[in-house]
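What follows is one structure encoded as structure tokens, with my remarks underneath.
2 protein chains.
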Amino acid sequence: MPLMKSWVASANDANHPFPLNNLPYGVFSTEGTEPRCGVAIGDMILDVSAAEAEGLITLGDEPLFDLPFWNPLMEQGPAVWAALRERLTALLAKGSKEQDKVEPLLVPQAEAQLHMPFAVSEYTDFYAGKHHATNVGTMFRGPENALPPNWLHIPIGYNGRASSVVVSGTDIRRPWGQLKSPDHDRPAFLPSRRFDIELEMGAIVGTPSDGPITVQEADDHIFGYVLLNDWSARDIQAWEYQPLGPFQAKATATSISPWIVTKAALDPFRCDTPAREVELLDHLKDCGPMLYDIDLEVTMAPEGKPATTIARTNYKEMYYSSAQQLAHHTTSGCPMNVGDLLGSGTISGPTKDSRGSLLELSWGGKEPITLDTGETRSFIEDGDTLTLKGAARGDGYTIGFGDCTGTVLPALEDPYAR
Amino acid sequence: MPLMKSWVASANDANHPFPLNNLPYGVFSTEGTEPRCGVAIGDMILDVSAAEAEGLITLGDEPLFDLPFWNPLMEQGPAVWAALRERLTALLAKGSKEQDKVEPLLVPQAEAQLHMPFAVSEYTDFYAGKHHATNVGTMFRGPENALPPNWLHIPIGYNGRASSVVVSGTDIRRPWGQLKSPDHDRPAFLPSRRFDIELEMGAIVGTPSDGPITVQEADDHIFGYVLLNDWSARDIQAWEYQPLGPFQAKATATSISPWIVTKAALDPFRCDTPAREVELLDHLKDCGPMLYDIDLEVTMAPEGKPATTIARTNYKEMYYSSAQQLAHHTTSGCPMNVGDLLGSGTISGPTKDSRGSLLELSWGGKEPITLDTGETRSFIEDGDTLTLKGAARGDGYTIGFGDCTGTVLPALEDPYAR
Numbered sequence: 001m002p003l004m005k006s007w008v009a010s011a012n013d014a015n016h017p018f019p020l021n022n023l024p025y026g027v028f029s030t031e032g033t034e035p036r037c038g039v040a041i042g043d044m045i046l047d048v049s050a051a052e053a054e055g056l057i058t059l060g061d062e063p064l065f066d067l068p069f070w071n072p073l074m075e076q077g078p079a080v081w082a083a084l085r086e087r088l089t090a091l092l093a094k095g096s097k098e099q100d101k102v103e104p105l106l107v108p109q110a111e112a113q114l115h116m117p118f119a120v121s122e123y124t125d126f127y128a129g130k131h132h133a134t135n136v137g138t139m140f141r142g143p144e145n146a147l148p149p150n151w152l153h154i155p156i157g158y159n160g161r162a163s164s165v166v167v168s169g170t171d172i173r174r175p176w177g178q179l180k181s182p183d184h185d186r187p188a189f190l191p192s193r194r195f196d197i198e199l200e201m202g203a204i205v206g207t208p209s210d211g212p213i214t215v216q217e218a219d220d221h222i223f224g225y226v227l228l229n230d231w232s233a234r235d236i237q238a239w240e241y242q243p244l245g246p247f248q249a250k251a252t253a254t255s256i257s258p259w260i261v262t263k264a265a266l267d268p269f270r271c272d273t274p275a276r277e278v279e280l281l282d283h284l285k286d287c288g289p290m291l292y293d294i295d296l297e298v299t300m301a302p303e304g305k306p307a308t309t310i311a312r313t314n315y316k317e318m319y320y321s322s323a324q325q326l327a328h329h330t331t332s333g334c335p336m337n338v339g340d341l342l343g344s345g346t347i348s349g350p351t352k353d354s355r356g357s358l359l360e361l362s363w364g365g366k367e368p369i370t371l372d373t374g375e376t377r378s379f380i381e382d383g384d385t386l387t388l389k390g391a392a393r394g395d396g397y398t399i400g401f402g403d404c405t406g407t408v409l410p411a412l413e414d415p416y417a418r
Numbered sequence: 001m002p003l004m005k006s007w008v009a010s011a012n013d014a015n016h017p018f019p020l021n022n023l024p025y026g027v028f029s030t031e032g033t034e035p036r037c038g039v040a041i042g043d044m045i046l047d048v049s050a051a052e053a054e055g056l057i058t059l060g061d062e063p064l065f066d067l068p069f070w071n072p073l074m075e076q077g078p079a080v081w082a083a084l085r086e087r088l089t090a091l092l093a094k095g096s097k098e099q100d101k102v103e104p105l106l107v108p109q110a111e112a113q114l115h116m117p118f119a120v121s122e123y124t125d126f127y128a129g130k131h132h133a134t135n136v137g138t139m140f141r142g143p144e145n146a147l148p149p150n151w152l153h154i155p156i157g158y159n160g161r162a163s164s165v166v167v168s169g170t171d172i173r174r175p176w177g178q179l180k181s182p183d184h185d186r187p188a189f190l191p192s193r194r195f196d197i198e199l200e201m202g203a204i205v206g207t208p209s210d211g212p213i214t215v216q217e218a219d220d221h222i223f224g225y226v227l228l229n230d231w232s233a234r235d236i237q238a239w240e241y242q243p244l245g246p247f248q249a250k251a252t253a254t255s256i257s258p259w260i261v262t263k264a265a266l267d268p269f270r271c272d273t274p275a276r277e278v279e280l281l282d283h284l285k286d287c288g289p290m291l292y293d294i295d296l297e298v299t300m301a302p303e304g305k306p307a308t309t310i311a312r313t314n315y316k317e318m319y320y321s322s323a324q325q326l327a328h329h330t331t332s333g334c335p336m337n338v339g340d341l342l343g344s345g346t347i348s349g350p351t352k353d354s355r356g357s358l359l360e361l362s363w364g365g366k367e368p369i370t371l372d373t374g375e376t377r378s379f380i381e382d383g384d385t386l387t388l389k390g391a392a393r394g395d396g397y398t399i400g401f402g403d404c405t406g407t408v409l410p411a412l413e414d415p416y417a418r
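Line by line, the protein sequences give chains A and B. For the first sequence, the positions run 1 to 418 when the UniProt record's numbering is used. For the second sequence, the positions run 1 to 418 when the UniProt record's numbering is used.
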């Protein structure tokens, strides 16, 4: 599929993240207005709540867009998702007869503040990248025990904390936590010294379920994708995670990119998961290309200094797709709801410069990385800004996500001072 | 504090679970009516939505009780919680001048169906009973490694799945899951064969927070308690839980008792946590009696047969209080919301007959228990009804919770048949 032309001129650049082919969904406000639903097109945002109010979009009896989240639209199901996309395409395509009515409803992105695009019902994080799991396993348990015995049979996941999911641009406060140095007998309560990122994709559940669903059904239930950074305090994690998994190490914040890129926009970029090393059980088998060819990048910028790209990888490096993860999530009968967010797990590639966490990039701190500024880093330092970028590259167009960024602030001096 | 007398005669029995001293909060409906808020008193339920509509209870400008959950009342904060309790006590006390107005608003419990008493925002489960952790650790890792090194320093917890929390009386469908027998090379997808209970208390967060809070603040933030059964598929858990903790093993269902017993009702039963074996870090130290002396019991009834009590224990056996757990939960800055539910962890006592799970009672299936019917059990069989009971025993009165019960139905023949 080639670039689809829009009458919004900025959307027709081959490298612009938001062409007519994309139409990602966000929540925005401008000075003095309330957050509401919008669609990115080129450098602009179409105020879809205004378009609905003016009768340019009519999808139901109740207003769906004059709200600070896209959940009510998701609840309408796939037929309405398709109808909205078709209508938006018609309104914004070059030659649209309604251009004069739509043009006044565009807001420059430069004047808008972006908010969380949906209400997160529950958040689950997976561990489904083989390079990442092998790297981390090798560091913690040695190369012969790198992958746990279950890893090639199920997409390992754990429940995260929905209340801690924030939109890109939110500052991240370095957490305190209970840590134990190997050279101390007792733990101490201190600010984390090994604060890290995890480069992930997030899949958003758009259709609820109340029992086991197949991989195909799971793919149908996914509404769209965001970039996701699962901030991780490695020193808190190392002390707390046995035997029941990460808890406070992952509860400070998870940042997501501000625009939900729909499954429809990503459809041309579908690709297969890598070859299976052992055959999966039937209920988890691939039934079509359900990963996506999306270039991913992480940059790090010390306070007041330019950014360095510290990793480049691709979503297709994952061993399991989000559809497989969602199918596994329902095997026990677990009810899934509109707005559930599934983190893919850290997306590392096979090479040293394609690793999606500082833990891996600096090999547990033993091999600090050097930034373009000449500074070195093992983990995040106060004032550093970490940014994830994602782009699917089509024939003369790009599907972008908007940056997923966050600046790490120093820990509170006394977390209990009021 | 002695029994407080009510004009509702059944509430004045020393063994009745719902005297005027209790006043627990639930959500009920009767045939042809919508679920709404009610308060248990003796054998009756006071329809507080009707009492509010008639002007007998006025706590704010917006109606708080004509809703199928207590979250809006919780959001009002501790001063309103106290005002409601005071008002309900005045309305229902022997000699109340408003008895004639309140009496028509009583509904017999026998005619009511009970629903989830609150909307669960997020659910966290802990592992904070030392006898349980020691038993399970001994079975899985041997007696010398029974307690992980962190156990005496932090209340170990993991995030659970709020969507799977159901009210007492809901049937529980035996889950399918990925299992691996030690004598097989590969896992299989099968119905769980080691389906189990976990006897727990659940603490309900009533006041939100957005940063670390102290143990005292955490205690202040708790609204009330329920009985909680964290249904657990031990065979799914054994295969999936390394390295990131339980996931589908715990996602089928968690049952809670239908009445929220308020912290105020439990106040006379406060008691200290057991002696510390190692000193806790300051931010987790006890600062008053924050456990409760509550007798707990589990019964098991095969289909169509009488129930056998299979365990008796007490909430005061826990090593950590819910206040300590909530304080720990916030250390990393994790935002907590109204309606968050914290499972205490399995409450086992020191003796064989005080163990809060079948895994412990049957020692991993090696020592099946014998029911009064003569049948034996290692884990739950189809048709079995498991019931948790709880009671705090005061001077001439009892604070009950209402049973937390569930019957296990056979697994679906084919979980993907539609």
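Note that CB positions come from ideal geometry on N, CA and C, so glycine has one too. Since this is a predicted model, take the numbers as computed values, not measurements.
For this session: Below 6 Å CB to CB, which residues in the same chain sit around A/S29 once its five sequence neighbours on both sides are set aside?
Result: Counting only Cβ-Cβ distances below 6 Å, and skipping sequence neighbours, we find P35, Q113.
Problem set entry | Endpoints, the alpha helix (DSSP H) within which B/D235 is located | 234-240 is the span of the alpha helix (DSSP H), which, as asked, contains B/D235.
Exercise. Should B/Q237 be flagged as near chain A, meaning a C-beta pair shorter than 7 Å?
Worked result: False, the Cβ-Cβ gap to chain A never drops below 7 Å.
For this session: Could you tell me the distance, in whole angstroms, from the CA atom of A/E31 to the CA atom of A/A110?
Result: A/E31 and A/A110 have their C-alpha atoms spaced approximately 12 Å apart.
Exercise. Looking at the C-beta of B/P175, does it have a partner C-beta in chain D at a distance below 7 Å?
Worked result: The structure shown contains no chain D; its protein chains are A and B.
Problem set entry | the stretch 217-228 of chain B touching the stretch 185-204 of chain B, judged by at least three CB pairs closer than 8 Å | Touching, yes.
Problem set entry | Listed by chain order, chain B residues near A/I156 by CB distance under 9 Å | Neighbours of A/I156 on chain B, chain order: E240, Q242, P243, L244, F247.
Problem set entry | Same chain only: Cβ atoms within 6 Å of B/G157, ignoring 5 sequence neighbours per side | Hits under 6 Å: T124, F126.
Problem set entry | Chain-ordered chain B contacts of A/H153 [CB-CB under 7 Å] | At a C-beta separation below 7 Å, A/H153 has these neighbours in chain B: Q178, P187.
For this session: Using 10 angstroms around the beta-carbon of B/G349, count the other beta-carbons present and answer buried if the total reaches 16, otherwise exposed.
Result: It is buried - the Cβ of B/G349 has at least 16 other Cβ atoms within 10 Å.
Problem set entry | Under 8 Å by beta carbon: chain B residues contacting A/E122 | Residues of chain B whose Cβ lies closer than 8 Å to the Cβ of A/E122 are, in chain order, E122, R161, A162, S163.
Exercise. Between B/P410 and chain A, is there a C-beta pair that is closer than 7 Å?
Worked result: False, the Cβ-Cβ gap to chain A never drops below 7 Å.
Exercise. What's the C-alpha gap between B/V48 and A/T346?
Worked result: Rounded to whole angstroms, the separation of the alpha carbons of A/T346 and B/V48 is 50 Å.
Exercise. To which residues of the same chain is A/V215 closer than 6 Å at the C-beta, ignoring the five residues directly before and after it?
Worked result: These residues qualify, in order along the chain: C287, A323, Q324, A327.
Problem set entry | Neighbour flag for A/G365 against chain B, beta carbons, 7 Å | For A/G365, the answer is no, since every Cβ of chain B falls outside 7 Å of its Cβ.
Exercise. If you count every other CB in all the chains shown that lies within 10 Å of the CB of A/K389, and 16 or more means buried, which is it?
Worked result: A residue is called buried once 16 or more other Cβ atoms fall within 10 Å of its Cβ, and A/K389 is buried on that count.
Problem set entry | Residue-level contact to chain B via CB, A/P148, 7 Å cutoff | A Cβ of chain B is located within less than 7 Å of the beta carbon of A/P148.
Exercise. Between B/G333 and chain A, is there a C-beta pair that is closer than 7 Å?
Worked result: Cβ-Cβ to chain A under 7 Å: yes for B/G333.
Problem set entry | Simplified DSSP assignment, three categories, for B/R377 | Reduced to three states, the DSSP call for B/R377 is strand.
Exercise. Of all the options A/S378, A/A417, A/F401, which has the alpha carbon lying nearest to the alpha carbon of A/A392?
Worked result: Cα-wise, what sits closest to A/A392 is A/F401.
Exercise. Using DSSP with H/G/I as helix, E/B as strand and the rest coil, what is B/F401?
Worked result: Looking at B/F401 - three-state DSSP - the assignment turns out to be coil, as it is neither helix nor strand.
Exercise. Looking at the C-beta of A/P415, does it have a partner C-beta in chain B at a distance below 7 Å?
Worked result: Chain B contact via Cβ: present.
Exercise. Can you name the residues of chain B whose CB is closer than 8 Å to the CB of A/T252?
Worked result: Per Cβ cutoff of 8 Å: S332, G333, C334.
For this session: Starting from A/L190, follow its DSSP beta bridges and name the residues at the other end.
Result: The partner list for A/L190 (beta bridge, DSSP) reads A/G177.
For this session: Can you say whether B/D353 is buried or exposed, counting buried as having 16 or more other CB atoms within 10 angstroms of its CB?
Result: That one is exposed.
Problem set entry | Span separating the alpha-carbon of A/G23 from that of A/D403 | According to the sequence displayed, residue 23 of chain A carries Leu and not Gly. About 16 Å.
Problem set entry | CB contact flag (B/P175, B/A238, <7 Å) | Against a cut-off of 7 Å, the Cβ pair of B/A238 and B/P175 comes out as no contact.
Problem set entry | B/S29: first and last residue of the uninterrupted beta strand (DSSP E) it sits in | Annotation for B/S29: the continuous beta strand (DSSP E) segment containing it runs 25-29.
Exercise. Any chance the stretch 152-170 of chain B sits against the stretch 243-253 of chain A, with 3 or more Cβ pairs inside 8 Å?
Worked result: Segments in contact, yes.
Problem set entry | Inter-stretch contact (C-beta, 8 Å, three-pair minimum) for the stretch 307-321 of chain A and the stretch 170-185 of chain A | At 8 Å Cβ cutoff, the stretches do not touch.
Exercise. Could you give the uninterrupted runs of the alpha helix (DSSP H) lying entirely in the stretch 80-149 of chain A, keeping only those of 4 residues or more?
Worked result: With a minimum length of 4 residues, the unbroken runs of alpha helix (DSSP H) contained wholly in the stretch 80-149 of chain A fall at 99-102, 130-141.
Problem set entry | Three-state secondary structure (DSSP) of A/E217 | If DSSP states are grouped into helix, strand and coil, A/E217 belongs with the helices.
Problem set entry | Own chain partners of A/T134 with C-beta closer than 8 Å, once the 5 adjacent residues on each side are dropped | Within the same chain, Cβ atoms closer than 8 Å to the Cβ of A/T134 are found at A146, L147, the five residues on either side in sequence being excluded.
For this session: Could you check what DSSP says for A/D282 in three-state terms: helix, strand or coil?
Result: When secondary structure is reduced to three states using DSSP, A/D282 falls in the helix class.
Problem set entry | Any chain B beta carbon closer than 7 Å to A/Y320 | Cβ-Cβ to chain B under 7 Å: no for A/Y320.
Exercise. Any beta-carbon of chain B closer than 7 Å to the one on A/T170?
Worked result: Not an interface residue.
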